[in-house]
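Structure first, then comments.
Protein chains: 2
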Amino acid sequence: MASLAPRRSKGPRAGLELSDADALAQVSFVVLGTLGRRASEHGLSIIQTRLLGVLRDRTPSMNELARVLELDKSSVTGLVDRAEDRGLVARIPSPADRRSVQVALTHRGRSLAAQATDSFEADVGELLDGLSPAQRRTLAGLLGRVVLDYARGRGLDISEPRGPSAGRASS
Amino acid sequence: MASLAPRRSKGPRAGLELSDADALAQVSFVVLGTLGRRASEHGLSIIQTRLLGVLRDRTPSMNELARVLELDKSSVTGLVDRAEDRGLVARIPSPADRRSVQVALTHRGRSLAAQATDSFEADVGELLDGLSPAQRRTLAGLLGRVVLDYARGRGLDISEPRGPSAGRASS
DNA sequence: TATTGTTATACTCTATAACTATA
DNA sequence: TATAGTTATAGAGTATAACAATA
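Chains as they are written, first to last, in the working numbering: chain P, 8 to 178; chain A, 8 to 178.
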């Protein structure tokens, strides 16, 4: 019975009876709405911000980017085009394969991403203002688990560092 | 230091050290991505699904819809246009104010929304597969609290039923 | 005058299909 | 042939500004 929208509770107890799906969907709308507003203050969209975030510690090919962002490769072409036009990322020819390019952050892109994420962090702090530090830790732990499980299910094991072209273990 | 993207952990312990902002952002991407895929199986977008969800127990004006969805009124015009073209919603002239319309679900819209949310519920169940029932309850409780706080902060107190035209402060 | 909603316009984002260049 | 990436095209979604009708 997910409403996918805030609903008034009908019983005597006030409004905390959300299903898992409702709670997750509603929080996701709020979180990405907040992220979007902050991003737009810096002239970025959500997906552009996400692109910059992904590039923070990677230099993926267009194909890899498409897989990580779950977009068609042609969508990534446009996304990277617009970011490149604005000087936020750069296409670097792959040394190994002349068909391929690697996408990297420019200094300007890195700086802009840092600004946007900093203000987003502050927003999240405000969003979680009603939770105790212990509750925040609990929440972050549970959500982290969910993310990790999802990534594993998609074959993207983020707990084991892998280079963009190499498959190497951390230790 | 939000990366807004899955990151490899650098320490010896494997990848669960996410900041609040990272955890929330990443889960939101996953949740809305899942919702989007399900919705598209039913020919809906995320925002169309959300529109139908909002209309599940309300018949708001265009203005109210814009406020709830946090969109410009002109965006809502297009959104409702496309939904109306597909027979999912209907514009009903407001009896009280001849400038205003009320937007309502059609039977087809209600049925489609139910289908989409049902499969989304199943997806969320799968997403939370790694959590115990107790952990799920904890998660839903914490998230519900966050949503409620946010709605209160915006003056949309969802725990207190209000008519569409009433405007009352909660604090 | 103020408010409700639509229209005109421009841009981002997205996917599908066809294409080029390289492997 | 297969793969990496781009281009062409079409459509959804969004905001700003100007507008019409009503209050």
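Every residue, glycine too, gets a C-beta built ideally from N, C-alpha and C. All values reported here derive from a predicted model rather than from experimental measurement.
Given residue i, which residues of its chain have a CB within under 8 Å of its CB, disregarding the five upstream and five downstream residues?
{"i": "LYS80(P)", "result": "MET69, ASN70, ALA73"}
{"i": "ILE53(A)", "result": "LEU39, LEU42, GLY43, ALA46"}
{"i": "GLY162(P)", "result": "none"}
{"i": "LEU58(A)", "result": "LEU72, LEU76, LEU86, VAL87, ALA90, VAL96"}
{"i": "THR66(P)", "result": "ILE99, GLN109, VAL110, ALA111, PRO171"}
{"i": "GLY60(A)", "result": "ALA120, THR124"}
{"i": "GLN55(P)", "result": "ALA46, LEU86, ARG89, ALA90, LEU95"}
{"i": "LEU138(P)", "result": "LEU146"}
{"i": "ASP64(A)", "result": "none"}
Mind checking residue i: buried by the 16 CB within 10 Å criterion, or exposed?
{"i": "GLY7(A)", "result": "What the structure shows of chain A is the stretch from 8 to 178, and residue 7(A) is not part of that stretch, so it cannot be assessed."}
{"i": "PRO100(P)", "result": "exposed"}
{"i": "ASP29(P)", "result": "buried"}
{"i": "PRO140(P)", "result": "exposed"}
{"i": "ALA103(A)", "result": "exposed"}
{"i": "GLY50(P)", "result": "exposed"}
{"i": "ALA121(P)", "result": "exposed"}
{"i": "GLY22(A)", "result": "With a pLDDT of only 47 at GLY22(A), under 50, the local geometry of the prediction cannot be trusted, and the value read off the model is given with reservation. GLY22(A) comes out buried."}
{"i": "ALA129(A)", "result": "exposed"}
{"i": "ARG175(P)", "result": "Only weak support is given to the placement of ARG175(P): the predicted model assigns it a pLDDT of 25, under 50, and the question is left unresolved by the model."}
Spatial neighbours of residue i within its chain, please: C-beta separation below 7 Å, excluding the five flanking residues on both sides.
{"i": "LEU135(A)", "result": "ARG143"}
{"i": "ARG115(P)", "result": "GLY94, LEU95"}
{"i": "ASP92(P)", "result": "none"}
In terms of residue numbering, what span does the alpha helix (DSSP H) encompassing residue i cover?
{"i": "ARG89(A)", "result": "80 to 92"}
{"i": "ALA46(A)", "result": "27 to 48"}
{"i": "ARG74(A)", "result": "69 to 76"}
{"i": "LEU155(A)", "result": "140 to 160"}
{"i": "LEU59(A)", "result": "53 to 62"}
Rounded C-beta distance between residue i and residue j? I'm assuming under 8 Å.
{"i": "VAL83(A)", "j": "ARG98(A)", "result": "In fact, because the Cβ distance is near 11 Å, the residues do not count as touching under 8 Å."}
{"i": "VAL6(P)", "j": "VAL153(A)", "result": "Outside the shown range of chain P (8 to 178) lies residue 6(P), about which nothing can therefore be said."}
{"i": "ARG131(P)", "j": "TYR157(A)", "result": "Per the sequence presented here, residue 131(P) reads as Val, with Arg not at that position. Not quite, the Cβ-Cβ distance comes to about 11 Å (not below 8 Å), so this is no contact."}
What span of residues does the beta strand (DSSP E) with residue i cover, start to end?
{"i": "PRO100(P)", "result": "96 to 100"}
{"i": "ALA111(P)", "result": "108 to 112"}
Leaving out the 5 sequence neighbours to the left and right, which residues in its chain are closer than 6 Å to residue i when beta-carbon positions are compared?
{"i": "SER172(P)", "result": "Confidence at SER172(P) is low in this model, with a pLDDT of 28, below 50, so its placement is unreliable and no value can be given for it."}
{"i": "SER126(P)", "result": "ARG45"}
{"i": "LEU62(A)", "result": "LEU112"}
{"i": "SER107(A)", "result": "SER68, SER101"}
Within 7 Å: the Cβ of residue i and any heavy atom of the ligand MN?
{"i": "THR66(P)", "result": "With respect to small molecules bound, the structure shown includes none, and the ligand MN cannot be examined in it."}
Residues of the region 131 to 150 of chain P whose Cβ lies closer than 8 Å to any Cβ of chain A, in chain order: VAL131, GLY132, LEU134, LEU135, ASP136, GLY137, LEU138, GLN142, ARG143, THR145, LEU146, ALA147, GLY148, LEU149, LEU150
Residues, ordered as in the chain, of the region 69 to 85 of chain P that lie near chain A by beta-carbon distance below 7 Å: GLU77
Short-range partners of chain P found in the region 30 to 50 of chain A, where Cβ spacing is below 8 Å: ALA30, LEU31, ALA32, GLN33, VAL34, SER35, PHE36, VAL37, VAL38, LEU39, GLY40, LEU42
Proximal residues, the region 151 to 162 of chain A versus chain P, C-beta separation under 8 Å: GLY151, ARG152, VAL153, VAL154, LEU155, ASP156, TYR157, ALA158
Residues from the region 99 to 125 of chain A in contact with chain P, defined by Cβ distance under 7 Å: THR124
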